[in-house]
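Heads up: the sequence shown begins at 3 in the working numbering, then just goes up one per residue.
Think of the CB as a built atom: it goes at the ideal place given N, C-alpha and C, for glycine as much as any other residue.
Notes follow once the structure below has been shown.
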Amino acid sequence: MLTDHTVPVADTSEAAAARAAMVARLEESGALGPGPVREALLSLPRQILMPQAYVRRSAPHETPPRWDLLDMSRPADREELLERLHSGDSVSVQHDGESILGRVPGPRRGGAITAMSSTMSLTADLLQQLDLRPGQRVLDVGTGAGVTAAVACFVCGDEGVVTLDIDPHVTAAARERLSALGYLPAAVTGDGTTGWAAACPYDRIFVSFAVRHVPQALVEQLAPGGRALMTLGTSSPSWPGLAVIERRQDGSVEAQLRAVEFGHRAGSGFDRLFLSAGFRAEITTADGWTQRSMLAPPPDTARGMWLALDHLYPGLVRDFGAENLTIGAPECRSWMRVRAGGHRRWDVTTSGPRDIWAEIQDVAGRWRAAGAPDVFRIHFDADGGQRAASPSGALTWQFSPDETGDAR
């Protein structure tokens, strides 16, 4: 039975209608089903958690970038801000590590967005997989705007909820705004990869940024019967994996790495590769060595293959906006594009020191021989190393133990 939560005075009929429409879209897309997460999102006044938010005014590759900080207290901003908060897209809430409380709205130029609320389809799906229940102790790692913490408080009760972020400004804003909703979780500042031992063990742990491997401290802070979810990625943003860690009642740990379409972004301390506008244009228009192949490129739905490629041949980034399969390696300027060349024929053009097409076909063959898995088991070795392996054990790779990812 969910606790009865009163709606704050600051909520409005316009905000409630926008919230209901957002939830309806999530349901229509299949990202959200019946249950406590749906009830939490339907009841959560997002404008109280995010009374200010940034909207980018510059073109995607314009430098320096330009943003406007919109404010719910300004009548001219309300309609656009409400639309932004309930669009389902990620919401930018902090610029260049600034103090979030007491900011003056208006334009900003240069710098970077340093905190955000994740896309709602991703958040809703993961929160449902987390299987929150009343009375559970929850560690929310990477506070952001406080949405996950608010849902955990709604479902579980705030006494057992801890929300943790590396940025004290993020922590302070979440503490104040969650309090305005009537929630009093522990909002603490620290390194997310080391967890928060003072309140462990936790029944559920949710990490809202990508890590390179599963932080051992979080595994140790998981209670028997507990579950932890986190995006596990590499320097490439193209092919994330979802790590699902569960501790059995006998204390043993089982962990899976699931190939997924979307994952959380990396935070501070996690360098990510990207294809610049110039490099993308080069791949699209430049000449290279072209071969005719009878081998089809693996489909997007072969997520386990692409996940394995990302780890076995790191440094590749896909241009998902391109009409044809287009992949580049920014560090060495190698690239590949594949276009249909007729019935069961493909024109494969490559350039640079890496033969990306050969790398893809190598992994595709090994992946098929391993049974074409989309789920891999994560093994925690005695020496502290971590590795992923297919169910058959035929396809495996090692995670570097010294790569910790983000400390958010």
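In this structure, DSSP gives F156 a helical state, which the three-state scheme calls helix. Counting along the chain, P36 sits inside no beta strand (DSSP E), nor does DSSP assign it H or E at all. Put simply, the backbone Cα of V106 is about 38 Å away from that of W241. In the structure shown, S353 falls within a strand segment according to DSSP collapsed to helix, strand and coil.
Excluding five sequence positions before and after A126, the CB atoms of its chain that fall closer than 7 Å to its own CB belong to L28, A33, L34, V39 and L43, given in chain order. Bounds of the beta strand (DSSP E) holding S94 are V93 to H97. Q96 sits away from G37, with the two beta carbons spaced by 8 Å or more. Taking the Cα of D312 as reference, the smallest distance to any Cα among A225, V255, R214 and R339 is reached at R214. If only complete runs of 4 or more residues are kept, the region 272-342 shows the alpha helix (DSSP H) at 279-287 and 305-314, in order along the chain. Cβ atoms of W348 and P299 come within 8 Å of each other, at about 7 Å. Per DSSP, reduced to three states, the secondary structure at H171 is helical. The region 204-224 and the region 232-239 touch, with three or more beta-carbon pairs separated by less than 8 Å. In the structure shown, W198 adopts coil according to DSSP, grouped into three states. With a 10 Å radius around the Cβ and a threshold of 16 neighbouring Cβ atoms, R260 comes out buried. 8 Å or more divides the Cβ of V143 from the Cβ of G227. With a beta-carbon spacing of about 6 Å, L84 and A17 fall inside the 8 Å limit used to define contacts. With a minimum length of 3 residues, the unbroken runs of beta strand (DSSP E) contained wholly in the region 46-111 fall at 54-58, 68-73, 93-97 and 108-111. Rounded to the nearest whole angstrom, the C-alpha separation of S278 and E284 is 10 Å. Fewer than three Cβ pairs drawn from the region 72-89 and the region 176-191 lie within less than 8 Å of each other, which leaves the two stretches out of contact. C158 and G137 do touch by the CB rule: their CB atoms are close to 6 Å apart, below 8 Å. Taking 8 Å as the upper bound for CB-CB distance, P332 and L275 are in contact here, some 5 Å apart.
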